[in-house]
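In what follows, a single structure is set out as structure tokens and then discussed.
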Amino acid sequence: MGLKGGKARIALGGLMVLLAASPACAIDGSEIARNGTQTGAPACAACHGDDGGGSIEGGFPRLAGLSVGYLTHELDSFGDGSRENETMGAIAQALTSDERRAVAAYYAGLPAPKAAEASAPDGAISSRGRNLAETGDWSRGVPACGQCHGPAGQGVGAAFPALAGQPAAYLMAQLSAWKTGTRHNDPLGLMKGIADKLSDQDGAAVSAYYAALPASQVGDSR
Amino acid sequence: MSLTRHGAASLATVLALGLTLALPQIGAAGADREGAVPPFVPPPDSAIPDDDLGKVIRLGEHIFHDTRNQAPAFVGNDLRCTNCHLDRGRLGHSAPLWAAYVTYPAYRAKNRHVNTFAERLQGCFRYSMNGKAPPLGDPVLVALESYAAFLAHGAPVGVKLPGQGYPKLTKPKGLDIPHGREVYAAKCALCHGENGAGQASSDGTLVFPPLWGGRSYNWGAGMSSVVNAAGFIKANMPLGQGNSLTDAEAWDVAAYIDSRERPQDPRFTGDLAATRAAHHDSPYDFYGQTVDGVTLGAQSSPAGTVAR
């Protein structure tokens, strides 16, 4: 008995050593997403949904299928204050650098939702949003959103996130944050320059347009 | 400023290239004088007629922004017309179609004869698109010409309109390629990639155009001249931040981009020096020169590769 207990303790000790020595990549991103961390980061899923699809009502963005580089950069930005957000700032600070990468990789690996939940806007709003997305408004020096974010808003690399299927309230809040400077983590100040040229009505129209695009759509290239 | 900081490198580069250090100091020839001619505004899309002509104009617009898919027999790279003619050929200082249309027929030193607008469009396919020239009368050319004519509705004919072509920057004392490489890394690589190959979305759609290499414009394209590239870059790059670079940054980054390898000039005779002498005899043209250990044009990928 005594001998057995001793063996068990040795085995447990060995396991703990193993865990402590685990490389960063062994951190379970899905565990953080579902249950949060011991250090106080809550479960991501509580706001961003079990499938990482986000929430229209809450204006919480979709994380599923976004680029790992982008998600990591945003967590780092929340952590260092270049993207100001009370909730996400505290959460990012509760995560280690390796935990941020692990949870970003987890969400990047999830499939994007197939269909957009938001319904397409009507009439003038729709056409204004589509114009900004596909053509831009060069009379004000505004390129088409799709020129950087992809023709279907599917996102390009780590610097240009997917817009398709994101909640309209979230997209509008970001345009506002670029404008006011509470978000200033954009490469070359590209989004600050764009947001400053857009009116609130432009922002609402283009946000509604992208909210109604399915995240996985591959559209006509422009 | 940059010339001071990189003076030694600049001198070395220029000497290595065998270029004269003192480039001609030509002012901004043809620079727009405010108020001389009012800026031309092309008609809105809604003015496209709802008839058979309108259908062809719309087809032209479609080809213009989705070139490879709409004209696969004539396109040999990953570019589209709108990459260099921003806002679907509408934007001033980005070689707008409306300004080009009213200047043809015109004599061109490039081929030493009078070109119609359709022949000018053929040149775009042969050089900028590294493809094949559509035959005169081909539906692709007819559609593009119809679209250009539509955009020029109301423009005076034979007048050099403000915003035509790309801005002509004051010529620099020299071209500083190492400085250009730094500018590229800081301002361009984000979108066009460290290796100039452009960048695609995760679903494979090419979003940012390749600037050099086998899928970009060839050595015969107007953009392979540093003069044109510098003007385009100064006015329009980074996208949405036009005129944010200094002239020196625009010149040097254009020199960096246009001193990388790209598809062969379709006029290549097999003799690099002779082809340079015939078509590239300019201190703003790196074809046939050796830069960073590469003799440009010596190992180029083929010209005129079309649909795969």
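In the order they appear, the protein sequences are chains Y and Z.
The numbers in the first sequence follow this note's numbering, run straight up by one, and end at 224.
The numbers in the second sequence follow this note's numbering, run straight up by one, and end at 319.
Glycine is no exception: its CB is placed at the ideal position from the N, C-alpha and C atoms.
Name the chain Y residues whose beta carbon is nearer than 9 Å to that of residue i?
i	result
glycine 253 of chain Z	Gly143
leucine 102 of chain Z	Trp140
Can you tell me which residues form a DSSP beta bridge with residue i?
i	result
histidine 124 of chain Z	Z/Arg119
phenylalanine 62 of chain Y	Y/Ser57
alanine 211 of chain Z	Z/Leu217
aspartate 139 of chain Y	Y/Val144
phenylalanine 162 of chain Y	Y/Val158
arginine 185 of chain Y	Y/Arg85
threonine 301 of chain Z	Z/Thr306
Could you tell me which chain Z residues have their CB closer than 8 Å to the CB of residue i, listed as they occur along the chain?
i	result
glutamine 1 of chain Y	As shown, chain Y starts at 3 and ends at 224. That puts residue 1 of chain Y outside it, with no answer to give.
glycine 111 of chain Y	Residues of chain Z passing the Cβ test: none, with the nearest at roughly 12 Å.
Would you give the residue range spanned by the beta strand (DSSP E) that residue i belongs to?
i	result
valine 153 of chain Z	Careful: valine 153 of chain Z lies outside any beta strand (DSSP E), inside the alpha helix (DSSP H) at 150 to 162.
phenylalanine 219 of chain Z	217 to 219
Our contact map puts residue i next to residue j with C-beta atoms below 8 Å; I'd like the distance itself, whole angstroms only.
i	j	result
leucine 97 of chain Y	alanine 43 of chain Y	5 Å
glycine 51 of chain Y	glycine 253 of chain Z	40 Å between Cβ atoms; not a contact.
alanine 207 of chain Y	leucine 134 of chain Y	7 Å
tyrosine 295 of chain Z	serine 236 of chain Z	6 Å
cysteine 49 of chain Y	serine 57 of chain Y	7 Å
proline 115 of chain Y	alanine 210 of chain Y	Contact doesn't hold; Cβ gap of about 18 Å is too wide.
isoleucine 34 of chain Y	alanine 104 of chain Y	7 Å
leucine 132 of chain Z	leucine 155 of chain Z	5 Å
glycine 157 of chain Y	serine 69 of chain Y	6 Å
proline 145 of chain Y	glycine 138 of chain Y	5 Å
serine 139 of chain Z	leucine 90 of chain Z	7 Å
glycine 299 of chain Z	arginine 287 of chain Z	3 Å
glycine 61 of chain Y	proline 163 of chain Y	Actually they are not in contact, since the Cβ atoms of glycine 61 of chain Y and proline 163 of chain Y sit about 16 Å apart, beyond 8 Å.
alanine 122 of chain Y	serine 128 of chain Y	6 Å
alanine 241 of chain Z	leucine 180 of chain Z	5 Å
phenylalanine 85 of chain Z	phenylalanine 136 of chain Z	5 Å
alanine 266 of chain Z	leucine 201 of chain Z	The Cβ separation is near 20 Å, so there is no contact.
valine 264 of chain Z	cysteine 199 of chain Z	7 Å
arginine 273 of chain Z	glycine 224 of chain Z	7 Å
For residue i, return the contacting residues in chain Y, with the cut-off set at a CB-CB distance below 8 Å.
i	result
proline 249 of chain Z	Leu190, Leu192
arginine 226 of chain Z	Residues of chain Y passing the Cβ test: none, with the nearest at roughly 15 Å.
histidine 162 of chain Z	Position check: residue 162 of chain Z holds leucine in this sequence, whereas histidine was assumed. Per Cβ cutoff of 8 Å: no residues; leucine 162 of chain Z is ~13 Å from chain Y at best.
Starting from the beta carbon of residue i, find every residue of chain Y whose beta carbon is closer than 7 Å, and list them in chain order.
i	result
lysine 198 of chain Z	Leu190
leucine 70 of chain Z	Result: empty, since nearest Cβ-Cβ is about 14 Å, beyond 7 Å.
leucine 201 of chain Z	Ala161, Pro189, Leu190
For the alpha helix (DSSP H) containing residue i, list its first residue and its last residue.
i	result
tyrosine 211 of chain Y	202 to 213
proline 189 of chain Z	188 to 194
valine 168 of chain Z	Segment: none, valine 168 of chain Z is in no alpha helix (DSSP H) and carries neither H nor E.
tyrosine 267 of chain Z	258 to 268
threonine 316 of chain Z	Counting along the chain, threonine 316 of chain Z falls outside any alpha helix (DSSP H), and DSSP gives it neither H nor E.
lysine 66 of chain Z	63 to 76
isoleucine 59 of chain Z	Element bounds for isoleucine 59 of chain Z: n/a, residue is neither H nor E.
lysine 199 of chain Y	192 to 199
glycine 100 of chain Z	97 to 100
arginine 287 of chain Z	283 to 290
tryptophan 109 of chain Z	108 to 112
asparagine 239 of chain Z	237 to 247
leucine 201 of chain Z	200 to 203
Who are the neighbours of residue i on chain Z, taking C-beta pairs under 7 Å?
i	result
leucine 149 of chain Y	Reading off the sequence shown, one finds glutamine at residue 149 of chain Y, where the question assumed leucine. Residues of chain Z passing the Cβ test: Leu250.
proline 153 of chain Y	Thr216
alanine 47 of chain Y	Near alanine 47 of chain Y there are no residues of chain Z at all, since even the closest Cβ is about 23 Å away, more than 7 Å.
glycine 159 of chain Y	Gln210
glycine 195 of chain Y	Gly251, Gln252
Within 8 Å (strictly less), CB to CB, does residue i reach chain B?
i	result
leucine 97 of chain Z	Reference to chain B is not applicable here, since the protein chains of this structure are Y and Z.
Should residue i be counted as a contact of the ligand MN given a C-beta to heavy atom distance under 7 Å?
i	result
leucine 256 of chain Z	Annotation note on the ligand MN: not contained in the displayed structure, which lists no ligands.
Interface residues of chain Z around residue i at Cβ under 9 Å?
i	result
isoleucine 127 of chain Y	Simply none; closest approach about 18 Å.
Which parts of the region 34 to 103 of chain Y are runs of the alpha helix (DSSP H), unbroken and 4 residues or longer, counting only runs that do not cross its ends? 47 to 50, 70 to 82, 88 to 96
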